[in-house]
Amino acid sequence: MTTSKISLTSLEIQPASLLDLGSVHQIEQVCFGQDSWPLPDLIAVLTLPNVVRLKAVIDGRIVGFVAGDQRGKTDIGWIATLAVLPAYQRQGIGRALLNACEEKLRSPRIRLCVRTDNLIAIHLYHQEGYRTIDLWPNYYKDGASALVLEKIRP
Ligand SMILES: CC(C)(COP(=O)(O)OP(=O)(O)OC[C@H]1O[C@@H](n2cnc3c(N)ncnc32)[C@H](O)[C@@H]1OP(=O)(O)O)[C@@H](O)C(=O)NCCC(=O)NCCS
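Position in the sequence shown (first residue = 1) + 428 = the working numbering.
Here it is, written out as structure tokens:
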């Protein structure tokens, strides 16, 4: 695995499919540990209709993943997951995936949940215009709480 700075000119954001299950599963496990989604949830997110699922590809390798969906009949889109392999982080890939998913969701409001102790992700979301609208106590397996963040798009 490379740790050197990669060239973002080789970054491609592409639709993901069930064929990417293995790579997405690995990314989820590495990035989320005990909070990672079980396989059935990943299969669902890679197959259900009306889900935006995008992968970040560098030199043919899947290094990041984002998924989002429109819930019910609301005008609110939710970013369900966003992750980049550690060796590829801090190079703009997470932001690129987030922005691409927001574009595809086309919702005026976009929401997401993030652990209160995930300061790196919270920093990214604040930079991208998300603001805290709620706190869900005990949301994660270890009892950590989730911040609910919302972005209102112009
Ligand atoms: C959150 C995550 C997706 C960001 O991906 P990334 O590719 O590193 O993000 P980017 O390179 O686009 O960085 C965008 C911003 O994220 C924040 N950020 C990223 N790494 C950071 C770090 N080590 N320290 C502080 N802020 C950091 C910064 O705000 C950064 O902007 P800047 O470089 O202009 O300061 C990635 O860290 C990750 O996969 N984490 C594990 C999974 C996770 O927590 N997902 C979010 C769940 S809600």
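Using N, Cα and C, we set each Cβ at its ideal position, and we do this for glycine too.
Do ARG543 and ALA508 have their beta-carbon atoms positioned less than 8 Å apart in this structure?
Here residue 508 corresponds to residue number 80 of the sequence shown, with the count starting at 1. Here residue 543 corresponds to residue number 115 of the sequence shown, with the count starting at 1. Taking 8 Å as the Cβ cut-off, ALA508 and ARG543 do not qualify as a contacting pair.
Verify the contact flag: LEU482, CB atom, against every heavy atom of ligand 1, threshold strictly below 7 Å.
Residue numbering aside, residue 482 sits at position 54 when the sequence shown is read from its first letter. Incorrect: LEU482 has no Cβ contact closer than 7 Å to ligand 1.
On the premise that ILE521 lies in contact with GLU530, defined as a C-beta separation below 8 Å, what is that separation, rounded to the nearest angstrom?
Along the sequence shown, one-based indexing puts residue 530 at 102. Along the sequence shown, one-based indexing puts residue 521 at 93. Actually they are not in contact, since the Cβ atoms of GLU530 and ILE521 sit about 15 Å apart, beyond 8 Å.
The beta strand (DSSP E) with GLY492 in it runs from where to where?
Indexing the sequence shown from 1 puts residue 492 at position 64. First-last of the beta strand (DSSP E) with GLY492: 489 to 498.
Out of curiosity, what's the CA-to-CA distance linking PHE493 and LEU552?
On the sequence shown, residue 493 is found 65 positions in, with the first residue counted as 1. On the sequence shown, residue 552 is found 124 positions in, with the first residue counted as 1. Distance between the alpha carbons of PHE493 and LEU552 is about 16 Å.
Boundaries of the beta strand (DSSP E) in which GLY450 is found, first to last residue
Position 22 of the sequence shown, counted from the first residue, corresponds to residue 450. Not the beta strand (DSSP E): GLY450 falls in the alpha helix (DSSP H), residues 449 to 460.
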